[in-house]
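Okay, structure first, notes after.
In our numbering, the protein residues as written are 963 to 1401.
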């Protein structure tokens, strides 16, 4: 790959400062003619820098007389690329990392920044063992929230929020898990094959396959590279979906006759409901043609018939849906903080203000869902985040305004929370609500 580190620099800049999505940027960067080893290194570097941003900045700050905020962002990104390789990757010799970083500084910086880049990186190379031994200098940080924020590279507000809810040891394990590689889970299309048969087929194809812990319809693949090129995928025998998302539907009243999936794209929950109950009439909705097209494509690939897929803004009341459904699935738009393992950039493009705005949207959708579900019907409310503001507080407000609804407890909890460090799934929250009478 020509100018791989320049490409890494561009991707990191777009992701951290312009709100781009890392996975999408890496897909765009991939060219079939490129050496796969270069592309893999590009992926490692960009993912590593985005994932460890605060830690890398801290190491740079400890070796610089210039404050981080005073360093030009491009030079800072060049330094982070260099520091990440020096401290976390062994495949590239340190002298080569310094040399390549200085070359980048010559392209994007001035004489001063070239010397600065060279000096900082050489100093870190010389102190590498000492830096690693001291937990990247974090052993000296006394405040536990600050220490966790730097060591595991999570925004301080997020860490403080977690520490206000959970024990210190639990929070540390969660932050560690957020930086781990996520599992690759697939939902078996039981209309076409059994879990056992698909497992055997994929194992013959060379994949290491394990049954999931909670769902009896899913499998985890330890070495998923190339799996979407398999005949099993092309025949529609499975759908890529995390186990937490699968469980959200399994915990619902999926035997219902009429089901509404209000925020359905890309279609996983509608598909799961259809596989669990082939007789159900399922109406799948989302806000744009692009999103509904994605749902249609996935139904088609899995050889499933849809009862209806329509464009609908879930935040706006639709009188045509009034009191028509036995089950309403609300997989609400959220901060996505439960997906940090998959999308590390979420750490840097979410704020408390974002969450407040999302809570209003979630409440509006839930209020509409209440009007769409029949008496004795269920609303399943789920988010791929663990924040109280987007889950417990949204539900509490809803129940205050809708006394005709009750919570059905799951594992003796009003809101079931799945944690990466406990359950091995994405961070996920699930609440079940039943409409006991008209308000």
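Built from N, CA and C at the ideal position, the CB exists for glycine as well.
Within 10 angstroms of its Cβ, does residue 1057 collect 16 or more other Cβ (buried), or is it exposed?
exposed
Would you mind reading off the limits of the beta strand (DSSP E) that contains residue 1062?
Per DSSP, residue 1062 belongs to no beta strand (DSSP E); it is in the alpha helix (DSSP H), 1056-1070.
Exposed or buried, what is residue 1388 when buried is set at 16 or more other beta-carbons lying within 10 Å of its beta-carbon?
buried
Go to residue 999, then tell me how far its alpha helix (DSSP H) extends in each direction, as first and last residue.
998-1013
Considering only heavy atoms of the ligand MN, does any lie closer than 7 Å to the CB of residue 975?
In terms of ligand content, the structure shown is empty, and the ligand MN therefore cannot be addressed.
Helix, strand or coil, according to DSSP, for residue 1343 in the structure here?
strand
Run through DSSP, which three-state label would residue 1398 get?
Three-state DSSP puts residue 1398 in coil, outside helix and strand.
Please state the DSSP three-state secondary structure of residue 1108.
helix
Residue 1182 bridges to which residues according to DSSP?
The partner list for residue 1182 (beta bridge, DSSP) reads 1147 and 1172.
Determine, using beta carbons only, whether residue 1394 and residue 1357 come nearer to each other than 8 Å.
No, they are not a contact pair.
If you count every other CB in all the chains shown that lies within 10 Å of the CB of residue 998, and 16 or more means buried, which is it?
exposed
Using three-state DSSP, classify residue 963 as helix, strand or coil.
Note that residue 963 scores 49 on pLDDT, short of 50, meaning its location in the model is unreliable and no value can be drawn from it.
Residue range of the beta strand (DSSP E) that residue 1209 falls in?
From DSSP, residue 1209 is part of no beta strand (DSSP E) but of the alpha helix (DSSP H) over 1205-1212.
Does DSSP classify residue 977 as helix, strand or coil?
helix
Ignore the nearest five residues each way along the sequence and tell me which others in residue 1351's own chain have a CB closer than 6 Å to its CB.
1317 and 1321
Using the Cβ count rule (16 or more neighbours within 10 Å means buried), how would you classify residue 989?
Answer is exposed; the Cβ neighbour count stays below 16.
Beta-carbon within less than 7 Å of residue 1177's beta-carbon, same chain only, minus the 5 sequence neighbours each way: which residues are those?
1205, 1208, 1209 and 1212
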